[in-house]
Every structure is written in C-alpha cells, then in structure tokens.
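Right, one structure below, let's go through it.
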Amino acid sequence: ADRGAFMARCAIVGASAFCAAVCRAFAMAITVFEVLALPNSVLPLCSSALAAIFVANKVSLPFFDANLATRNLGGIPAITFTDKAIEPVMKVMHVVDLSECLPQIVTLRHLLHVVSNSDHDFFPIVRPLDWDTSNQGLLEGTMTRRQVELLLKKLDPHAATPDREIDLMNPEFQAPPDGGEPLVEGSPVRVSPDCTVKDVYLLMKVAESDGVVYVTDRGILQGTITLSTLMSREI
Numbered sequence: 089a090d091r092g093a094f095m096a097r098c099a100i101v102g103a104s105a106f107c108a109a110v111c112r113a114f115a116m117a118i119t120v121f122e123v124l125a126l127p128n129s130v131l132p133l134c135s136s137a138l139a140a141i142f143v144a145n146k147v148s149l150p151f152f153d154a155n156l157a158t159r160n161l162g163g164i165p166a167i168t169f170t171d172k173a174i175e176p177v178m179k180v181m182h183v184v185d186l187s188e189c190l191p192q193i194v195t196l197r198h199l200l201h202v203v204s205n206s207d208h209d210f211f212p213i214v215r216p217l218d219w220d221t222s223n224q225g226l227l228e229g230t231m232t233r234r235q236v237e238l239l240l241k242k243l244d245p246h247a248a249t250p251d252r253e254i255d256l257m258n259p260e261f262q263a264p265p266d267g268g269e270p271l272v273e274g275s276p277v278r279v280s281p282d283c284t285v286k287d288v289y290l291l292m293k294v295a296e297s298d299g300v301v302y303v304t305d306r307g308i309l310q311g312t313i314t315l316s317t318l319m320s321r322e323i
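With the working numbering, you'll find the sequence shown wraps up at 323, consecutive numbering, no jumps.
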C-alpha cells in the first residue's frame with residue numbers, strides 16, 4: 089500500500105512538472121498542491137516544476153508562444169519571453185538613408201519620386217545637416233504613404249506644377265484650417281538607440297504610434313522600427 093501511494097505521488101509530481109514545463113506556468117505546482125492537499129508535497133512539486141521549466145527553456149518555446157511563432161508572430165514571444173526583449177533597439181532597427189526621407193523643403197516632383205521609389209509606408213521628414221556631403225538629418229516630422237498621396241492630390245491634382253516648392257512643416261499641413269485630416273505628423277514618436285526592444289513595443293501600444301517609432305540620437309535620425317518588424321521577428 090505504501091509503495092502504491094508513493095508511486096501515485098510520483099505520478100502526480102511528474103504530471104505537474106510536465107504541465108508546468110509545457111506552459112511555463114509555475115502556478116501549476118501551487119494549483120496541484122491546493123487541490124490535493126497532500127502532506128509534505130510542496131517541496132517536490134515546486135522543485136520539479138522549476139527544474140522542468142529550466143530544462144524546457146533550453147529546448148523550445150512555451151506551447152502558446154510556439155503557436156504564435158508558427159503564424160509568423162514570433163516577435164511576441166521574443167519580446168515577452170526571451171532575452172531579446174532587453175536588446176537595444178539599434179540592433180533591430182532599419183537604418184535610414186536620406187534618400188528614403190523627405191526633406192523639409194521639397195518640390196512636389198521630388199515628393200512623388202521618393203514615394204514612388206520606396207515600398208515603405210512611413211516617410212520621415214528631415215532637415216539635412218548638409219544635404220550635399222552629409223547623410224544625416226534632424227527629424228522634424230513624419231508622413232504616411234496615404235498622407236503623401238493626399239497632399240499631392242490637394243496641392244497639384246492635375247500634375248501641372250511639379251516644381252512647386254513647399255515646406256512640409258507648414259502648420260496648415262499639421263492642423264488644417266478647415267478641420268480636415270492632418271497631412272503631416274509634427275511630433276513623431278522617437279526613442280534613443282539604447283532603448284530596449286520591449287520598451288519600444290510598450291511605447292507603440294501606449295502612444296498609438298501608427299506602427300512606427302523613429303530612433304534618434306541628439307535629434308539626428310538613425311533608423312526606424314515598425315510594429316510589423318517586431319511582430320514578425322525571428323526567434
């Protein structure tokens with residue numbers, strides 16, 4: 089009888105450890121103890137659960153995170169579970185070249201050229217430090233592809249004045265007098281290069297940044313990080 093009771097307890101401990109490892113849920117050990125109220129079982133349940141979780145971390149992702157990864161949402165478990173969450177954002181950002189940016193003072197022709205030759209959905213507005221010799225610029229604002237298309241349609245619907253020069257930081261573009269949709273975002277969300285990936289993800293959620301955060305150093309644009317990049321990031 090004693091041997092049978094001992095084997096039963098071993099089976100309970102093993103089952104608890106297995107479930108804790110699969111889901112990475114230490115609470116499984118606590119739940120089993122509270123439900124069964126077995127005397128002297130706290131230490132075996134807790135130690136086996138911790139050991140199982142430690143080993144499982146070396147083998148694979150938790151069950152639910154693995155499901156996300158198979159749907160190309162591997163960034164979620166990477167941000168919430170692995171050490172990649174504390175990596176600096178500069179390691180995963182897209183390094184921006186000035187050719188991908190919109191200068192603050194720009195012609196409609198150049199505006200159309202930049203948008204037509206890029207597959208990005210977001211375009212930073214920069215004030216070049218030296219447009220001829222430098223590849224850096226101060227971040228002034230941002231526009232989405234849709235906003236650029238609306239601006240072009242509004243200012244030159246028939247493509248009659250392609251060389252018209254405009255200031256993208258004109259207050260009328262940020263707060264149209266007619267109360268219409270803003271065409272330029274003058275205060276884009278930005279972080280420093282040493283900001284962690286997890287903090288950027290949380291900032292996107294809190295700030296509702298339309299899926300993009302700019303990485304700047306002393307105001308100088310370094311790169312961009314998008315929500316889709318974080319969500320689809322490989323483990």
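By construction, the Cβ of each residue, glycine as well, lies at the ideal position given by its N, Cα and C atoms. Being a predicted model, the structure only gives us computed values, none of them experimental.
Express the C-alpha separation of residue j and residue i in angstroms, rounding to a whole number.
i	j	result
V177	N128	47 Å
I308	E228	9 Å
S148	A93	33 Å
L256	M231	9 Å
I328	H198	Outside the displayed span of the chain (89 to 323) sits residue 328, for which this structure offers no information.
A247	N205	18 Å
Between which residues of its own chain and residue i is the CB-CB distance below 8 Å, once the five residues before and five after are set aside?
i	result
N145	R112
Here's a check: name, in chain order, each residue in its chain whose Cβ is nearer than 6 Å to the Cβ of residue i, leaving out the five neighbours to either side.
i	result
V183	G311
P132	V101
Would you identify the three-state DSSP class for residue i, choosing helix, strand or coil?
i	result
L126	coil
L133	helix
L227	strand
G92	helix
G102	helix
Grab me the residues of residue i's own chain with a C-beta within less than 7 Å of its C-beta, minus the 5 sequence neighbours each way, in chain order.
i	result
L200	L240
P216	L186, P191, S222 and G225
In chain order, what are the residue ranges of uninterrupted beta strand (DSSP E) at least 3 long that sit wholly in the stretch 164 to 216?
193 to 195 and 210 to 216
As an exercise, report each continuous beta strand (DSSP E) stretch of at least 3 residues that is fully enclosed by the stretch 235 to 322, in chain order.
253 to 255, 300 to 305 and 308 to 314
Are the stretch 237 to 257 and the stretch 268 to 288 touching by the rule of at least three beta carbon pairs closer than 8 Å?
yes
Counting pairs of Cβ atoms below 8 Å between the stretch 252 to 269 and the stretch 278 to 285, do you hit three or more?
no
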